[in-house]
Amino acid sequence: MEDNRMSQVYDSEEFRRHGHKMIDILADYLREATSRSDMPVLDYREPDDLVREFDLDNPANLDLPLDRFIHKVIAGMNHLHHPRFVGHQNTPPLTAGVIAQMFTTLLNNGVAVYEMGPASMAAERNVIRYFAKKIGFGSEADGIFTHGGSAGNLTALLAARQAMSDYNIWEDGVRHDRPVGIIVSDQSHYSISRNAKVIGLGGGSVIRIPYDSRFAMRTDLLGETMQRAEDQGIRVICVAANACSTATGTYDNLEETALFCHEHGLWFHVDGAHGLGVLFTDRYRHLVKGLEHADSVVVDFHKMLLTPGLNTMVLFRDGRRSYETFAQKAGYLFEEHDTQEWYNGARRTLECTKSALGIVAWAVIRYYGHEVLGNYVESRYDLAARFGEAVKRESSMELAITPESNIVCFRYAPAGHGREQLNELNRMIRKELIRSGEFYLVQTELEGVIWLRTALMNAMTDESDLERLIRSVKKYGAKLTGRLT
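Residue numbers (my numbering): 418 to 902.
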């Protein structure tokens, strides 16, 4: 009886039936989500209500058919394929990437060593070479895929710490004669400072450098900042630059940062999780001039490269650095003679079991390539520029900065109200927009000011959607102004 039951749950024909149903449901969903129908971008529900709805003991879930389960999940999610999703930096993934992720999930190879995912490691190797060439790295470059940019930045900072030390930290532990620090922009992603603490450098190790009027790193203050740290007994080992920043989408000056790091013998890291899609463009590639001099680079394929998440690549200009961090023995994984085999990925990342990330990235590049990805990035950056101009034309609205990427920060700011009143007003506007289901956007705080923040990730979003957003912000703003105290 037990053997028969297991045969049933792995029945290929049952899988075929469910699979066909799922594809039909998802195709219908894709058509509806992209067609500007009445579908809400997010049908907001209170957290506790959804917890009760998905209670495993809820009678409604006891005999829940798989197709109804799929519909139930879709209804409770945010719809990134909707043109009026302008919120977080998650991309509506391309279908080839989705299909690749689906079938590799069924295969379920935990890609730690070559034998557990040979095709995935081979695909990963080729994508790394492809991207290294785009950056301008030489043949000695190497890298590894990780689950997300936070893990990618951690991998890079661990490599930086080892490269800038004269002993094996992995074996001997951290024993710095004096505190070690990294210089970061005050607009850097929180994972940089968090990871500095994770690797044992401590909170004081993150040395923040001021930003300019564009919220870009003040590279002219690098020398002064480093000297101040040295005077405090901190040995600076690394500078981490943004390409681009999360809050405003601003690119740091990579060329000047690279020159400073070269002159002072520092590790140069670039957090390009969001903004390295410009490598596929002609008109925006100049934003990352100097990237080819970085020691380490992180890029999220699941942001501006239209790939299902999580899918992140860490690249090293000198590929040997990616092997130094995790120098350990694990007899059940690695053969004794294995030293620097690229195909045993667990030697170069904290992760052991890993999804077939290389296959998914390979599918996106192979089936869409430079033309589609480049067109996508350029069109989103162009649209953001036009949206910024439209905001400037509104007397009751303000633009934080002229956008450099597809991220635009703006706010409703009618005359006669103070900072705190306007902050509260824009918080309320955002809540009304989300609960209406009309738009999904986020907010950010810059120098004590709350801004509405849009990341134009959806390839279908156009000027008509953003004109509607402006009208809706003004409508809710006028309605809510009377509630200000």
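Ideal Cβ positions, reconstructed from N, Cα and C, are used throughout, including at glycine.
>> Taking its Cβ as the centre, do 16 or more other Cβ atoms sit within 10 Å of A780, making it buried, or is it exposed?
In response: Buried: at least 16 other Cβ atoms inside 10 Å.
>> On the CB-based measure, 16 or more other CB atoms within 10 Å of its CB, does E752 come out buried or exposed?
In response: Low confidence applies here, because E752 scores a pLDDT of 49, under 50, leaving its location unreliable; read the following figure in that light. Counting Cβ neighbours within 10 Å, E752 comes out exposed, since fewer than 16 surround it.
> Is the distance from the Cβ of L722 to the Cβ of L790 below 8 Å?
Replying inline: Contact flag set, yes.
>> For the beta strand (DSSP E) containing V825, name the first residue and the last one.
In response: 824 to 829 is the extent of the beta strand (DSSP E) around V825.
> Excluding the five sequence neighbours on either side, which residues of its own chain have a C-beta within less than 6 Å of the C-beta of K489, listed in chain order?
Replying inline: Excluding sequence neighbours, K489 sits near nothing in its chain.
> Could you give the distance in angstroms between the alpha-carbon of R453 and the alpha-carbon of S881?
Replying inline: Computed Cα separation, rounded: 11 Å.
> Are there 16 or more other CB atoms within 10 angstroms of the CB of H754, so buried, or fewer, so exposed?
Replying inline: Unreliable placement is indicated for H754, whose pLDDT of 45 sits below 50; the coordinate value is still reported in the next sentence. With fewer than 16 other beta carbons inside 10 angstroms of its own, H754 counts as exposed.
> If we ignore side chains and look at the alpha-carbon of each, how far apart do A876 and N543 end up?
Replying inline: Looking at the backbone, the Cα of A876 and that of N543 are separated by about 27 Å.
> Does the distance from the C-beta atom of C661 to that of W684 stay below 8 Å?
Replying inline: Contact flag unset, no.
>> Only counting the same chain, and skipping five residues up and downstream in sequence, which positions put a Cβ closer than 8 Å to that of V615?
In response: Cβ neighbours of V615 beyond the five flanking positions: L571.
> Where are the beta strand (DSSP E) runs, 3 residues long or more, that stay fully inside the segment 633 to 702, in chain order?
Replying inline: List check, beta strand (DSSP E) in window: 652 to 659, 684 to 688.
> By DSSP, does E463 sit in helix, in strand, or in coil?
Replying inline: The DSSP-derived three-state label of E463 is coil.
> Hey, would you say the C-beta of D466 is under 7 Å away from at least one heavy atom of the ligand HEM?
Replying inline: No copy of the ligand HEM appears in this structure; indeed no ligand is present at all.
> Anyone know if the C-beta pair for A658 and S602 falls short of 8 Å?
Replying inline: Yes, the pair counts as a contact, with Cβ atoms nearer than the cut-off.
> Does DSSP put E788 in a helix, in a strand, or in coil?
Replying inline: In this structure, E788 counts as helix in the three-state DSSP scheme.
>> Which runs of the alpha helix (DSSP H) at least 4 residues long sit entirely within the segment 461 to 526? Give them in chain order.
In response: You should have 464 to 470, 476 to 479, 483 to 492, 512 to 524.
> Run through DSSP, which three-state label would T861 get?
Replying inline: Reduced to three states, the DSSP call for T861 is strand.
>> Could you tell me which whole beta strand (DSSP E) segments of length 3 or greater appear in the segment 565 to 615?
In response: Listed in chain order, they are 597 to 602.
>> Is the beta carbon of S822 closer than 8 Å to that of G620?
In response: No, these two residues do not count as a Cβ contact at 8 Å.
>> As a quick exercise: from M634, I887, G736, pick the residue whose alpha carbon is nearest that of E806.
In response: With distances taken between Cα atoms, E806 lies closest to I887.
> Candidates D460, A549, C826: which alpha carbon is nearest D712's?
Replying inline: Restricting attention to D460, A549, C826, the CA atom closest to the CA of D712 is found in A549.
> What are the residues that DSSP puts in a beta bridge with E449?
Replying inline: Paired residues: none, contrary to the question.
> Which residue comes first and which comes last in the alpha helix (DSSP H) that contains V530?
Replying inline: From DSSP, V530 is part of no alpha helix (DSSP H); its letter is neither H nor E.
>> DSSP three-state label for M456, please.
In response: Reduced to three states, the DSSP call for M456 is coil.
> Residues bridged to G560 by DSSP?
Replying inline: Paired residues: L732.
>> With a threshold of 8 Å, are at least 3 pairs of Cβ atoms found where one atom belongs to the segment 628 to 636 and the other to the segment 596 to 613?
In response: They touch, by the three-pair rule.
> I think N507 touches L459, with their Cβ atoms under 8 Å apart; what is that distance to the nearest whole Å?
Replying inline: Rounded to the nearest angstrom, the Cβ distance from N507 to L459 is 13 Å, too far for a contact under 8 Å.
>> Please identify the residue among G640, H834, G854, H564 whose C-alpha is closest to the C-alpha of R900.
In response: Nearest option by C-alpha distance: H834.
>> According to DSSP, is L750 part of a helix, a strand, or is it coil?
In response: In this prediction, L750 has a pLDDT of 38, which is less than 50 and means its spatial position is unreliable; what the coordinates show is noted afterwards. In the structure shown, L750 sits in coil (DSSP, three-state: anything other than H, G, I, E or B).
> Are the segment 700 to 709 and the segment 660 to 679 touching by the rule of at least three beta carbon pairs closer than 8 Å?
Replying inline: By the C-beta criterion, the segment 700 to 709 is judged to be in contact with the segment 660 to 679, since at least 3 inter-stretch pairs fall below 8 Å.
> So does the segment 575 to 592 actually touch the segment 724 to 741, counting three or more Cβ pairs closer than 8 Å?
Replying inline: In short, these stretches touch, since the Cβ pair count reaches three.
>> With DSSP as the reference, identify every bridge partner of W868, one or two as the case may be.
In response: Note: W868 sits in a beta bridge opposite T861.
> DSSP on D755, reduced to helix/strand/coil?
Replying inline: Because D755 sits at a pLDDT of 47, beneath the cut-off of 50, its placement in the model cannot be relied upon, and the point is left open.
>> Just to confirm my understanding: we take F827, look at its own chain, exclude 5 residues before and 5 after, and list those with CB closer than 7 Å. What are they?
In response: Apart from sequence neighbours up to five positions away, the residues of its chain that approach F827 with a beta-carbon distance below 7 Å are V808, M814, E815, L816, A817, W868, L869, ordered along the chain.
>> Using the Cβ count rule (16 or more neighbours within 10 Å means buried), how would you classify F432?
In response: Its Cβ having fewer than 16 others within 10 Å, F432 is exposed.
> Can you tell which of R462, R611, T674, T636 has the C-alpha that lies nearest to the C-alpha of R852?
Replying inline: With distances taken between Cα atoms, R852 lies closest to R462.
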